[in-house]
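Everything in the sequence shown is counted per full-length UniProt numbering, starting at 1 for the first residue and increasing by one. For glycine and all other residues, C-beta sits at the position ideal for the given N, C-alpha and C. In what follows, a single structure is set out as C-alpha cells and then discussed.
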Amino acid sequence: MAYELLQKRGVYEELGEQWIARFLARHPELKLKFINPIEKERILATDPTIFQHYFGLYKSTKEQYDIDNENEWNMDEKGVAMGVIRKTKVIIPKRDIPQYMAVCGNQEWVTLIESIGLSGRSLKPWVIFKGKQHMKAWWDIFTTGHISVSKNGWTDNDICFEWLKRCFELETRPITPGKWRFLLFNGHVSHLTGRAIDFCLEHKILVRVQAESNYWQEAFVKLAKACGQNMALSTIQGQTIAEMVEASKQQTRKGKRSHKTYGEARVMSKEEVERIEAQREDKRDAKKAKAWSS
1 MAYELLQKRG
11 VYEELGEQWI
21 ARFLARHPEL
31 KLKFINPIEK
41 ERILATDPTI
51 FQHYFGLYKS
61 TKEQYDIDNE
71 NEWNMDEKGV
81 AMGVIRKTKV
91 IIPKRDIPQY
101 MAVCGNQEWV
111 TLIESIGLSG
121 RSLKPWVIFK
131 GKQHMKAWWD
141 IFTTGHISVS
151 KNGWTDNDIC
161 FEWLKRCFEL
171 ETRPITPGKW
181 RFLLFNGHVS
191 HLTGRAIDFC
201 LEHKILVRVQ
211 AESNYWQEAF
221 VKLAKACGQN
231 MALSTIQGQT
241 IAEMVEASKQ
251 QTRKGKRSHK
261 TYGEARVMSK
271 EEVERIEAQR
281 EDKRDAKKAK
291 AWSS
C-alpha cells in the first residue's frame, strides 16, 4: 500500500529495508503482529444484519404463536467420556514446558439429554448408556429421570422420540390448555423424523431446528462451551454418572449370576423400576407363602 501511494505521487523508488522500522518509530501507537488466516464466510457470518434477521425471525415466531416465556424450551445432548480427567492443578517444576496427564484411550461414552426453559426451570435428566439391559446398580444411584440404553451409548431416532413423548411433552404441559410450546432443538436434525414431527404438531409443540454447523453460530461458540460445561456438571452429571459406570463395572466383574437387570426395555424411569421391584417382591412373598403352606 505504501508503494502504491508513492507511485501516485510520481515516486517509483523501492522502499528501503528499514522503512517499516522507521514507520513504526514515527507511529508508536502501532505494532507488528502475526495474524491468522480466516475463511471469508466466517467474516461475513459475523455481519450484524444476520443476527438481526435471526432474532427478528425468533421474535416474530413467538408473537405469531403467542408463546409465553414459560413455554419456551431449549434442548441439547452432551457426550461424556468416562475416565477422562479434567484440567487439574498440579505442582510441577518451574521450567516452562508443556505438562500432560495420560488418560486411557478407550473410554466408554455416556450421552445426556438436557432441557431448560426460558423461565429457568429444567426438565428431569435423560441418560443414555451403552448396553442392552438396565442394570440395578444404576438405579441404586440414579434417583430421578430416565435411563436409555443403546448399542454405542449415543442417542438415535427412537430415543429422541421417546424423549419427546415421555419427558418433554409430559413435563412441559402449559398451565393454559391449547397454548403452543416452543422447543429450540440444537443440531442432529436427522433425529427429527416424520413420526416425531407429527407428534409435535399434534401436541402443539413448535420445533425450531438449529443447524449443526453454521459459520454465524461460531460467534457464540465460547458462550456455548461454557454453558455446556456447566450443564455437564449439573444435576446427576459428573460424579453421579461416574459412580453409575463404576457400579456396573463392579457388578460385571462379580459374574453374570450376580447381575440384576430389568429386561431389554430401551427406556426406563425410576417409577417403572420400583414397580418391577414391587412385582418381584410380591412373587417372592407368594413363593414363600406357598412353601410354608406345603
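Contact test: A286 Cβ vs the ligand SAH heavy atom, cutoff 8 Å: Inclusion of the ligand SAH in the displayed structure is not the case, the ligand content being empty and no account of it being possible.
Alpha-carbon to alpha-carbon, V207 and I197: Against the sequence shown, residue 197 aligns to sequence position 197. Against the sequence shown, residue 207 aligns to sequence position 207. Between the alpha carbons of I197 and V207 lies a gap of roughly 8 Å.
Length-filtered (4 minimum) alpha helix (DSSP H) runs lying within the segment 25-90: 40-45 and 48-64
Burial state of L5 (16 or more Cβ within 10 Å): Within the sequence shown, the letter at position 5 stands for residue 5. Looking at its Cβ environment, which holds fewer than 16 other Cβ atoms inside 10 Å, L5 is exposed.
Presumed contact (8 Å Cβ cut-off) between R181 and W73, rounded CB distance: Taking the first residue of the sequence shown as position 1, residue 181 is located at position 181. Taking the first residue of the sequence shown as position 1, residue 73 is located at position 73. About 7 Å; that satisfies the 8 Å criterion.
Endpoints, beta strand (DSSP E) assigned at I197: For the purposes of this step, residue 197 is taken as the residue at position 197 of the sequence shown. Careful: I197 lies outside any beta strand (DSSP E), inside the alpha helix (DSSP H) at G194 to E202.
Sufficient close CB pairs (3 or more, under 8 Å) joining the segment 114-132 to the segment 141-151: yes
Chain-order list of residues whose beta-carbon lies under 7 Å from that of K201 (same chain, five-residue window excluded): Working through the sequence shown from its first residue, we reach residue 201 at position 201. Reading off the sequence, residue 201 comes out as Leu, not Lys. For L201, where only same-chain residues beyond five positions count, there are no Cβ hits under 7 Å.
Helix, strand or coil at T111 according to DSSP, with G and I counted as helix: Counted from its first residue, the sequence shown places residue 111 at position 111. Strand at T111.
Closest residue to residue 360 among L15, E13, L123 and R280 (Cα-Cα distance): It is not possible to answer for residue 360, since the shown part of the chain is limited to 1 through 294.
Residue from F55, D282, S293 and M75 whose Cα sits closest to the Cα of G117: Walking along the sequence shown from the start, residue 117 turns up at place 117. Nearest of F55, D282, S293 and M75 to G117, Cα basis: M75.
Separation of V80 from W109, as counted between CA atoms: Indexing the sequence shown from 1 puts residue 109 at position 109. Indexing the sequence shown from 1 puts residue 80 at position 80. Answer to the nearest angstrom: the Cα atoms are 6 Å apart.
Anticipated Cβ contact below 8 Å, H134 with T261, distance rounded: Within the sequence shown, residue 134 is the residue found at index 134, counting from 1. Within the sequence shown, residue 261 is the residue found at index 261, counting from 1. Indeed they touch by this definition, with Cβ atoms about 6 Å apart.
Distance between beta carbons of I113 and T155, contact taken as under 8 Å: Along the sequence shown, read from residue 1 onward, the residue named residue 155 stands at position 155. Along the sequence shown, read from residue 1 onward, the residue named residue 113 stands at position 113. Rounded, the Cβ-Cβ distance is 7 Å, consistent with contact.
Outcome for I159 when other beta-carbon atoms lying within 10 angstroms are tallied against a minimum of 16: Residue mapping note: residue 159 aligns to position 159 of the sequence shown, counting from 1. When all chains shown are included, I159 counts as buried.
Simplified DSSP assignment, three categories, for I116: Walking along the sequence shown from the start, residue 116 turns up at place 116. Three-state result, I116: strand.
With 16 other Cβ atoms within 10 Å as the buried cut-off, status of N36: For this step, residue 36 is matched to residue 36 along the sequence shown. Exposed: under 16 other Cβ atoms inside 10 Å.
Contiguous alpha helix (DSSP H) assignments of at least 4 residues, all confined to the segment 133-196: If we require 4 residues or more, the alpha helix (DSSP H) runs fully inside the segment 133-196 come out as 136-139 and 157-163.
Helix, strand or coil at L206 according to DSSP, with G and I counted as helix: If you number the sequence shown from 1, residue 206 lands on position 206. Looking at L206 - three-state DSSP - the assignment turns out to be strand.
Exposure of P28, with buried meaning 16 or more beta-carbon neighbours within 10 Å: Position 28 of the sequence shown, counting from 1, holds the residue named residue 28. Counting Cβ neighbours within 10 Å, P28 comes out exposed, since fewer than 16 surround it.
Residue environment, E281, which counts as buried when at least 16 other CB atoms sit within 10 Å: Taking the first residue of the sequence shown as position 1, residue 281 is located at position 281. Label assigned to E281: exposed.
Cβ separation of W139 and W163, assumed to be a contact under 8 Å, to the nearest whole Å: Taking the first residue of the sequence shown as position 1, residue 139 is located at position 139. Taking the first residue of the sequence shown as position 1, residue 163 is located at position 163. Wrong, their Cβ atoms sit about 19 Å apart, outside the cutoff.
Cβ-based burial, K8 [other Cβ within 10 Å; buried from 16]: Taking the sequence shown and counting its residues from 1, one reaches residue 8 at position 8. When all chains shown are included, K8 counts as exposed.
Simplified DSSP state of K130, which is helix, strand or coil: Counting from 1 along the sequence shown, the entry for residue 130 is found at position 130. It is a strand residue.
Cβ pair E70, S119 closer than 9 Å: Start at 1 with the first residue of the sequence shown, and residue 70 comes out as number 70. Start at 1 with the first residue of the sequence shown, and residue 119 comes out as number 119. Result yes, Cβ atoms of E70 and S119 sit closer than 9 Å.
Residue burial classification, R137 (beta-carbon count within 10 angstroms, cutoff 16): Residue 137 sits at position 137 when you count from the first residue of the sequence shown. Checking the sequence, you will find Ala at residue 137 rather than Arg. Buried, by the Cβ-count rule.
Residue-level contact to chain C via CB, Y54, 9 Å cutoff: Considering every chain present, this structure includes no chain C. It has just one protein chain.
Cα-Cα separation, I20 to R42: Here residue 20 is taken as the residue at index 20 of the sequence shown, counted from 1. Here residue 42 is taken as the residue at index 42 of the sequence shown, counted from 1. Approximately 30 Å, taken between the alpha carbons.
For R166 and V267, believed in contact at Cβ under 8 Å, the rounded distance: As a working note, residue 267 is residue 267 in the sequence shown. As a working note, residue 166 is residue 166 in the sequence shown. Yes, they are in contact, since the Cβ atoms of V267 and R166 sit about 7 Å apart, within 8 Å.
N- and C-terminal bounds of the beta strand (DSSP E) containing residue 295: As shown, the chain starts at 1 and ends at 294. That puts residue 295 outside it, with no answer to give.
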